[in-house]
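Below is one structure, written out as structure tokens; the observations come after it.
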Amino acid sequence: MARITADRKHAPSAYSTLDVLQVLYDRVLHISPETADAPDRDRFLLSKGHGPAAYYAVLAAQGYFPAEWLDDIGGRGSPLGHHPDRVLVPGVEIGTGSLGHGLGLAAGMALGLRAQGYATTRTFVLLGDAELDEGSNHEAIAYLAAIRLPVTAIVIDNQSATHGWPGGIGVRFPGWQVSSVDGHDHDEIAAALGERPDRPRVVIAHVEPKGQ
Amino acid sequence: MRETFVATTTALLAEDPRTALVLADISADAFEPARRRHPDRVLNVGIREQLMTGVAGGLALTGLRPFVHSYAPFAVDRAYEQLKLDLGHQDAGAVIVTIGGSYDASAEGYTHQSPGDVALLDTLDGWTVHVPGHPDEAAEMLRAAARHDDRVYVRLSAIHNAKASLGTDLKVIRRGTSGAVVLAVGPMLDPVLAATWGLDVTVAYTNTPRPLDTQGLVALRPTEVIVAEPYLAGTSSRVIASALAHVPHRSLHLGVGRTEHRAYGTPADHAAHHGLDAMGLRRSIEEFL
């Protein structure tokens, strides 16, 4: 992370995701640079494409691309932009930046994997709490609940949604299994993301409020 | 054409395990037998068109070949960013099959009409746009689209020509001697043939405006080009101008007007309003020539 200097604008949102991403790649996801194209690999989708510095740092640490790439985020000719592009970056499953696209793509991926018989493959998608303001998320949330598709959503809650969420984030996911964790506690995060659920679940990872 | 779409796609779902179909309630009843046979690959997400194309993008990223279907205004106008990002930006493909077109739903009003669908897709890269003029053409296009992973748009219409013209290349339907070429797109062919009866013009036809068979057009060495397309007037002017950049020519682009037509009635009433019936076309063509 220390070598990443270019993306100052999104710095708070970058650090808010770091622990969750480390736990995912170190302890949860069945995926590696060698199996990055295996059809039955676990899928991780960064829906919240803002502040991808932590994501890039974790992918580099896992060996998906050389750490030197981190020195030129957003530079001319750099594969790493301020929002990740799956076509340019090894290990990145979807290109994001415009908010509210990850859950729909995740639903399609999980359905495509199920249709092809990859019964043990899991699909994870990470969102920000402010991103939930986008209405497209709610199309996916309601549909996934209706078909009981076991997708795991992780919402990083740094209280950045302008108008907040009366009743909390969990009530925005009716029909989902809801849990909350300390977004910096690795064991808590790992426990919440373990086991394949039998219906969609959302893990709300609380971190310090944006700007503090 | 909608019946052809249902029959062809139902057959493709049975023949090819890569084929998938994503619906947002529209035509769900017609696909119910297919859904019962292939519940994992026929998906109705409810009235959620953003999700419909998001799901298609996800399916494509796992190797399936998704077909997506709704009214044109919901599949294209409403979910434009999903077409741009969940397909194009992901380097993923799908086959978007729409009904309604410009004014097939004339009595439903402007909410159910999309004269701008092809123009919107023209802002994006890599889309093949089919505008079949006959159900048999639609069947051929759908079957071809199932065999690759590119982005394909199939604009079905309730209006069609008397005869099918298979293949996607530009075809000369009637040959004149004057150097004037009238290019009819999809269901515009029969009205154009009626409108140009007795005129010394060449009538050419395409059911695939993108990529347009520009070689076929240039080979006709046109001195006047008149395009009649069943969507927003001028949509193809950029493509025609570029194809004929080095050929001295005049051009006229006929199509659906930009101003909302706040009236109901039949598709024929709307065609007449926009000057796209035989009489209106004849008037415009004669004035221009």
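If you read the sequences in order, they're chains A and B.
Going by the numbering used here, the first sequence opens with residue 76, and the numbers climb by one from there.
Going by the numbering used here, the second sequence opens with residue 1114, and the numbers climb by one from there.
By construction, the Cβ of each residue, glycine as well, lies at the ideal position given by its N, Cα and C atoms.
Model, not experiment: these values are computed from the prediction.
- Inclusion of S1219/B and Y1344/B in the CB contact set at 8 angstroms is not warranted, their separation being larger than that value.
- Per DSSP, the beta bridge partners of R1264/B are W1240/B.
- Within chain A, no residue has its beta carbon less than 9 angstroms from that of T1236/B; the closest one is some 16 angstroms off.
- For the pair of segments examined, the segment 270 to 277 of chain A was found not to touch the segment 1244 to 1256 of chain B: the number of CB pairs separated by less than 8 angstroms stays below three.
- Taking C-beta separations shorter than 6 angstroms and ignoring five residues to either side along the sequence, the partners of L268/A in its chain run V103, following chain order.
- According to the DSSP assignment, V1331/B belongs to the alpha helix (DSSP H) that extends over T1327 to V1331.
- Between F1187/B and A1232/B, the C-beta spacing is not below 8 angstroms.
- Along the segment 1322 to 1393 of chain B, the beta strand (DSSP E) occurs as fully enclosed runs of 3 or more residues at 1337 to 1345 and 1363 to 1369, listed in sequence order.
- Sequence-distant partners of L188/A (beyond 5 residues in either direction) whose C-beta falls short of 6 angstroms from its own C-beta, in its chain, are T196.
- Taken through DSSP and simplified to helix, strand or coil, F1118/B comes out as helix.
- Of the candidates G1167/B, A1124/B and T1166/B, A1124/B places its Cα closest to the Cα of R1148/B.
- In this structure, the beta-carbon distance from V1244/B to R1287/B does not fall below 8 angstroms.
- Neighbours of A1141/B in chain A, taken as residues at a C-beta separation under 9 angstroms, are lacking, since the least C-beta distance is about 14 angstroms.
- Nearest Cα to Y1184/B within the set G1159/B, V1158/B and G1213/B: G1213/B.
- Residues of chain B with a Cβ closer than 7 angstroms to the Cβ of I169/A are, in chain order, Q1203.
- The DSSP assignment places complete beta strand (DSSP E) segments of no fewer than 3 residues inside the segment 1261 to 1316 of chain B at 1264 to 1268, 1284 to 1287 and 1293 to 1298, in order along the chain.
- Residue state for Y1216/B is assigned as coil, using DSSP reduced to three classes.
- Within chain A, the C-beta atoms nearer than 7 angstroms to that of E1194/B come from S173, in chain order.
- Residues of chain B with a Cβ closer than 8 angstroms to the Cβ of S122/A do not exist, since the nearest Cβ in that chain sits about 11 angstroms away.
- Look at the segment 202 to 231 of chain A: the residues with a C-beta under 7 angstroms from a C-beta of chain B are S211, E214, A215 and Y218.
- Secondary structure at I106/A: coil, using DSSP grouped into helix, strand and coil.
- Q1226/B has a beta carbon lying at 8 angstroms or more from every beta carbon in chain A.
- Interface annotation, V1189/B: not in contact with chain A, CB-CB separation never under 8 angstroms.
- In the structure shown, R1154/B falls within a coil segment according to DSSP collapsed to helix, strand and coil.
- In the three-state reduction of the DSSP assignment, L202/A falls in the strand class.
- By the C-beta density criterion, L1164/B is buried, having at least 16 other C-beta atoms within 10 angstroms.
- Within the segment 141 to 167 of chain A, the residues whose Cβ lies closer than 7 angstroms to any Cβ of chain B are, in chain order, R161 and V162.
- Taking 8 angstroms as the CB threshold, A1346/B stays off the interface with chain A.
- In its chain, beyond the 5 residues on either side, L1325, T1327, L1330 and V1331 have a beta carbon closer than 8 angstroms to the beta carbon of A1356/B.
- In the three-state reduction of the DSSP assignment, F140/A falls in the coil class.
- A residue is called buried when at least 16 other Cβ atoms come within 10 angstroms of its Cβ; T110/A does not meet this threshold and is exposed.
- Here the segment 1160 to 1176 of chain B lies against the segment 162 to 182 of chain A, with 3 or more beta-carbon pairs under 8 angstroms apart.
- Residue pairing for T1319/B: DSSP places it in a beta bridge opposite V1298/B.
- Residue contact with chain B for G250/A: absent (no Cβ-Cβ distance below 8 angstroms to any residue of chain B).
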